[in-house]
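In this note's numbering, the protein residues as written are 2 to 519.
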């Protein structure tokens, strides 16, 4: 009774602690209030220790109860269906070893009962097999920990619905106003774990718009590498963006001249005799190009419709960033995305998409949590003359070294701790415990209903009941020096007693409860 009551209490108490640990972990991930003692356990690095202690207590208690159930099953077999002669000593001893008995030794006996077609043999086999399964699975429970991976600079972002300069959509692509604030922390871990920031920060408007330009006086020229310019194919043209005076701030009638390298991978023609180089001959079809607009791109094509090149012109603000009082809120991230410094790295097949998602590519720009960034609220700033609605913009990475002031701010960082991550493993463990309780309860019910003469854990009774007129000759032979269990099996088989069924019953001649031929 002590093993059943105390062991069950230990298991239920340990399960209750684990349930609290898992439930509070769910609340912590959802930023809900949780028990104060849970915070103490987690932030004092006791979460894994608590799981280890509880799992050990559960495993030990289940082990004792499995031993008790195995002893009870040995008693049930002896007092109901009986067993073959060679198993009687083991079954009787199992009753006495109630704390250390196991289902492994009883499975062969139950299997022989099934093969012999004895009543209840299959039930005993199922119960013992389930007990063995629970015992094996319970020893495989392990705790797992999550390790933070290592780090592109995280930022906070705000996209206002109203803009002073309207969104460009005709033959253009426009990001609209995008206000971003740098996180003033040098440590990647400080940036990754930040969840709240209140104080001054540098804010920029990174609005970018690309337009389909008007091209005039277009000429494709091949230049030799003569020291004044790198050799290759060059595009000369006059370029302008029309109907965007309010956005660009220049008169589109004033065409700008461009001279850009179009394709520098073409080698000049070399004369094998003189070793002189001559420029490539540009096809006449490229002298008279026509143009069409498709969104932000202007496509140049020949008279027969062959596309030659696409061109677009992009504008970004060049105003200096300024410092404002801001509030940044969001969730911590495991790590910042890896910085892609080279185009070859960007085009690699194994390249990740973390940095692209951080910039809002391939994911909704409003999904700041999915992008791993923070929400930004801009308040009145220390520089009263600066107004973010005027479109303060810049590539803030380029300006980052210029802004290194020391200010008092209020921050909240996530702390890396080990907490339960999923319910799947916990549910599996709970299912094993429930199965253990069901099988143990069924075994004890069978023991209470089907046995009368077995006292579990009593060695002298177990030994005395083995001695009977039907077993004394075998016991006397077993007392010979060097006799092993396998030798006894050979002896019972040679005398034909291996086919006898031995069960526990009251002897008519002696009045004792002992093992007799069934």
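Where a beta carbon is used, it is the ideal one built from N, C-alpha and C, also for glycine.
Model, not experiment: these values are computed from the prediction.
Here residue 436 has 131 and 135 as same chain residues with Cβ atoms under 7 Å from its own Cβ, once five neighbours each way along the sequence are excluded. Contact between residue 165 and residue 180 is ruled out by a C-beta separation of about 13 Å, above the 8 Å threshold.
By the Cβ criterion, the segment 362-381 is in contact with the segment 323-333, since at least three pairs of Cβ atoms, one from each stretch, lie closer than 8 Å.
Contact between residue 310 and residue 301 holds, since their C-beta atoms are separated by about 5 Å, short of 8 Å. In the structure shown, the three-state DSSP call for residue 485 is coil. CA-to-CA, the gap between residue 361 and residue 204 works out to about 18 Å. For residue 41, the enclosing alpha helix (DSSP H) has its first and last residue at 37-44. Between residue 4 and the set 443, 368 and 64, the nearest pair of CA atoms involves 64. Annotation: residue 81 to residue 506 spans about 10 Å, alpha carbon to alpha carbon.
Taking the Cα of residue 49 as reference, the smallest distance to any Cα among 454, 37 and 18 is reached at 18.
If you look at residue 186, you'll find it isn't in any alpha helix (DSSP H); DSSP assigns it neither H nor E. Straight across, the Cα-Cα distance linking residue 79 with residue 460 is about 16 Å.
For the pair residue 380 and residue 307, the CB atoms are not nearer than the 8 Å cut-off. Contact check for residue 355 against residue 364 fails: the beta carbons are separated by 8 Å or more. Looking at the backbone, the Cα of residue 213 and that of residue 428 are separated by about 59 Å.
The Cβ neighbour count for residue 210, taken over all protein chains shown within 10 Å, is at least 16; the residue is labelled buried. Under the three-state reduction of DSSP output, residue 98 falls in the coil class, being neither helix nor strand.
For the pair of segments examined, the segment 49-58 was found to touch the segment 7-24: the number of CB pairs separated by less than 8 Å reaches three. Contact annotation: residue 70 and residue 96 have beta-carbon atoms that are not nearer than 8 Å. In the three-state reduction of the DSSP assignment, residue 91 falls in the helix class, which pools H, G and I. In this structure, residue 73 lies away from residue 514, with their beta-carbon atoms at least 8 Å apart.
Closest in C-alpha terms to residue 258, from the list 224, 368, 218 and 171, comes 218. Residue 35 and residue 112 have their C-alpha atoms spaced approximately 51 Å apart. A check of alpha carbon separations from residue 317 across 283, 33, 288 and 248 identifies 248 as the nearest.
Assignment of beta-bridge partners to residue 161 by DSSP yields no partner.
Sorting 473, 291, 324 and 287 by C-alpha distance to the C-alpha of residue 199 places 324 at the top. In this structure residue 236 is not in contact with residue 225, their Cβ atoms being roughly 17 Å apart against a cut-off of 8 Å. For a cut-off of 8 Å, the C-beta gap from residue 493 to residue 499 is around 4 Å, short enough to register as a contact. If the five residues before and after residue 92 are omitted, its C-beta is found closer than 7 Å to the C-beta atoms of 75, 78, 79, 84 and 110, all from its own chain and listed in chain order.
In this structure, the alpha-carbon of residue 42 lies about 35 Å from that of residue 183. Within the same chain, Cβ atoms closer than 7 Å to the Cβ of residue 366 are found at 160, the five residues on either side in sequence being excluded. The Cβ-Cβ distance between residue 452 and residue 66 does not fall below 8 Å. In the DSSP assignment, residue 175 falls within the beta strand (DSSP E) that extends over 173-175. For residue 461, there is no enclosing beta strand (DSSP E); the residue is part of the alpha helix (DSSP H) that begins and ends at 460-467. Residue 167 sits in coil when the DSSP states are folded into three classes, being neither helix nor strand.
As the crow flies, the alpha-carbon of residue 15 is around 45 Å from that of residue 517.
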